[in-house]
Amino acid sequence: MPVVLENLGKRFGGGAPVLDDVNATIAQGEFVALLGASGCGKSTLLNIMAGLERPTSGALEVPSDGAAFMFQDASLFPWLTARGNIELALQLADKSSTKVSRRARATELLELVHLGGAGDKRPHELSGGMRQRVALARSLAQDRQLLLMDEPFAALDAITRDLLHDELERIWKETGRTIVFVTHNVREAVRLGQRVLLLSSRPGRVVAEWDVTEEHRTDAGRAGELTGVITRRLREEIRRHAK
Ligand SMILES: Nc1ncnc2c1ncn2[C@@H]1O[C@H](COP(=O)(O)OP(=O)(O)OP(=O)(O)O)[C@@H](O)[C@H]1O
Ligand SMILES: [Mg+2]
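77 is the number of the first residue of the sequence shown in our numbering; add one for each residue after it.
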């Protein structure tokens with residue numbers, strides 16, 4: 077099922093609208109990167125798609141089983157092991173599941189994010205990159221077609237981030253999830269997205285979009301050009317907003 081946003085608007089209290097007339101259709105299985113300046117409403121839009129906030133105008137269609145969500149900070153339960161965090165998500169996702177089945181599924185998910193050996197560690201014993209992997213496995217444990225990711229790798233160093241990009245791409249291909257990935261990093265958007273949407277500021281609206289083609293994936297020069305084009309457009313938005 078696709079995600080359809082139709083003339084979506086959001087204002088908080090009596091303030092100016094944060095989002096206004098947001099229109100977008102995201103196909104099932106598509107990987108969309110959502111870019112925009114700080115404060116333009118990216119998280120608000122994700123929260124609306126997740127059903128955590130209600131739009132004040134417009135309409136949206138999302139899969140009936142809702143969405144899995146991955147936040148910017150891993151927000152793992154510190155008193156549970158990596159495995160425990162994942163098993164809890166499995167239990168919440170399917171209350172009729174058995175302990176044995178959850179254990180087996182958690183093992184699979186830990187392996188999927190290359191944490192096979194770290195299941196018994198608590199969050200404080202893991203590096204930031206490993207914690208984000210647990211968070212990724214936990215969001216996959218929610219077993220929803222739609223995965224919403226809000227700057228999940230922003231706090232990581234560039235090398236760890238590159239590794240997780242490779243992993244996320246592999247997992248996306250293996251699981252066929254629909255992914256909406258929020259970032260303010262243009263390189264990251266081009267690296268991961270099949271399509272990049274740019275949200276303007278005050279109000280937030282989809283003002284530009286680009287397709288990332290196979291050519292961009294295989295030719296670093298072409299990817300660099302596209303990154304340049306998008307960066308200039310993003311800068312215009314930020315400048316316009318600052319006036
Ligand atoms: N619950 C709320 N009540 C009032 N205002 C809010 C609320 N949530 C968000 N806002 C406002 O909406 C605007 C957009 O916020 P949002 O968090 O969606 O931006 P963002 O694009 O995710 O920014 P960042 O890149 O910094 O994460 C901001 O001006 C923010 O202050
Ligand atoms: Mg945000």
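Don't be surprised by glycine CBs; every beta carbon is placed ideally from N, CA and C.
message = My parser needs the alpha helix (DSSP H) runs of 4 or more residues fully inside the region 172-219; what are they?
response = 175-188, 204-217
query = Residues in its own chain within less than 6 angstroms of S119 by CB, not counting five upstream and five downstream?
reply = D226
Nearest candidate by alpha-carbon position, reference V283, set G112, E106, M77, G90 = G112
ask   = Is there at least one non-hydrogen atom of ligand 1 closer than 8 angstroms to the beta-carbon of G105?
value = False, no ligand heavy atom lies under 8 angstroms from that Cβ.
ask   = Whose CB is closer than 6 angstroms to a heavy atom of ligand 1? List the residues in chain order.
value = F88, V94, G112, S114, G115, C116, G117, K118, S119, T120, H260
inquiry  = Give me the residue from A144, I124, L81 with the minimum Cα distance to N99.
reply    = L81
ask   = With which residues is E82 paired in a DSSP beta bridge?
value = According to DSSP, which records beta bridges pairwise, E82 is partnered with A135.
ask   = How would you label D233, buried or exposed, when you count the other beta carbons within 10 angstroms and need 16 or more for buried?
value = exposed
ask   = Hey, quick one: how far does the alpha helix (DSSP H) through E285 stretch, first residue to last?
value = Here E285 belongs to no alpha helix (DSSP H); instead the beta strand (DSSP E) covers 282-287.
query = Is the region 204-215 in contact with the region 152-168, if contact means three or more CB pairs nearer than 8 angstroms?
reply = Contact annotation: the region 204-215 touches the region 152-168, with at least three C-beta pairs closer than 8 angstroms.
ask   = If you measure from the CB of V258, is any heavy atom of ligand 2 nearer than 8 angstroms?
value = yes
key: Proximity winner among Q218, W248, L186, L310, relative to K171 (alpha-carbon distances)   = Q218
key: Extent of the continuous beta strand (DSSP E) to which T157 belongs   = Taken as a continuous stretch (DSSP letters only), T157 belongs to no beta strand (DSSP E), as it is neither H nor E.
task = Give a single yes or no on whether D149 has its beta carbon closer than 8 angstroms to a heavy atom of ligand 2.
result = no
request  = Would you give the residue range spanned by the beta strand (DSSP E) that A144 belongs to?
outcome  = 143-146
request  = On the DSSP bridge assignment, give the partners of A230 in chain order.
outcome  = In DSSP, A230 forms no bridge with anything.
Whether L166 touches R207 by CB criterion (9 angstroms) = no
query = Quick one: is the Cβ of E227 within less than 8 angstroms of any heavy atom of ligand 2?
reply = For ligand 2, at least one heavy atom lies less than 8 angstroms from the Cβ of E227.
request  = Mind the definition here: the region 265-285 touches the region 85-103 only if three or more C-beta pairs lie below 8 angstroms; say whether that holds.
outcome  = yes
key: Residue closest to L156, alpha-carbon to alpha-carbon, out of E201, E184, A103   = E201
query = Contact check, P139 vs R271 under 8 angstroms by CB: the rounded distance?
reply = That belief does not hold up - the Cβ atoms of P139 and R271 are roughly 19 angstroms apart, past 8 angstroms.
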